[in-house]
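Have a look at the structure below, then the notes.
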Ligand SMILES: [Zn+2]
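Residue numbers (my numbering): 751 to 982.
Okay, here's the thing in structure tokens:
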């Protein structure tokens, strides 16, 4: 099967499309104002929003649910989220306050992007499909769910061997939204950051060579190599 990974957005906030002969799986959904960014990226790849079969969320924060509700109401696209983050994706809980070192410039750039792309007015989901650890979803690329609690209770990694990729959401970052550092680090704004290192051990033996984070450039290497580069 032909499968292609399409990166949509930028190193501040990105979503990703896995495009196959059977349609598209969208991993995360950016910021609420990212409709045109998504439409343009799909067009450039010869695809359309109608090709999207499902959105799979790495977690339920507002900078990841972005255009998911628009896709649901406009095109009937279902969104899959871990059951422990379903309430968050539907607007029942606000994310926790940032922790750790914060520098003004990068922080302002993140919030400026969020402002420009509608991130301060999240559009929560009216309906979700819940997933659990170990599920393999009936979507293009057959995404496999690996529970990764820490950043949020329902954070997951999403494994798609068809594109040799592992999506880890905000468990890890390669561009810290608050201080601009491009080291591999644990993501900020976490509910239970002490849980994340243990969760990440679940990924260590996976063979995928493309590790995709919610914020920052793609890491080219295995999960073991990325964990080896992690600044603690
Ligand atoms: Zn995020």
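In this text, a Cβ means the ideal position worked out from N, Cα and C, and glycines have one as well.
Every value quoted in this text rests on a predicted model; they were computed, and no experiment measured them.
A direct Cα-Cα distance of roughly 13 Å separates residue 813 from residue 966. The segment 892-908 makes contact with the segment 796-813; the number of CB pairs closer than 8 Å reaches 3 or more. For residue 889, the closest alpha carbon among the candidates 782, 801 and 761 is that of 801. Taken atom to atom, the span from the alpha-carbon of residue 923 to that of residue 964 is near 7 Å. For the set 786, 832 and 796, the Cα lying nearest the Cα of residue 821 is the one of 786. With the criterion CB distance below 6 Å from any heavy atom of ligand 1, the matching residues run 811, 813, 814, 920, 964 and 965 along the chain. Non-local C-beta neighbours of residue 912 in its own chain, meaning closer than 6 Å and more than five positions away in sequence, comprise 753 and 891, ordered along the chain. Note that the segment 789-797 does not touch the segment 869-879; fewer than 3 beta-carbon pairs, one per stretch, sit closer than 8 Å. Under DSSP, residue 935 takes part in a beta bridge, and its partners are 923.
Residue 757 and residue 974 have their C-alpha atoms some 23 Å from each other. The shortest CA-to-CA distance from residue 866 to any of 982, 978, 977 and 762 is the one to 762.
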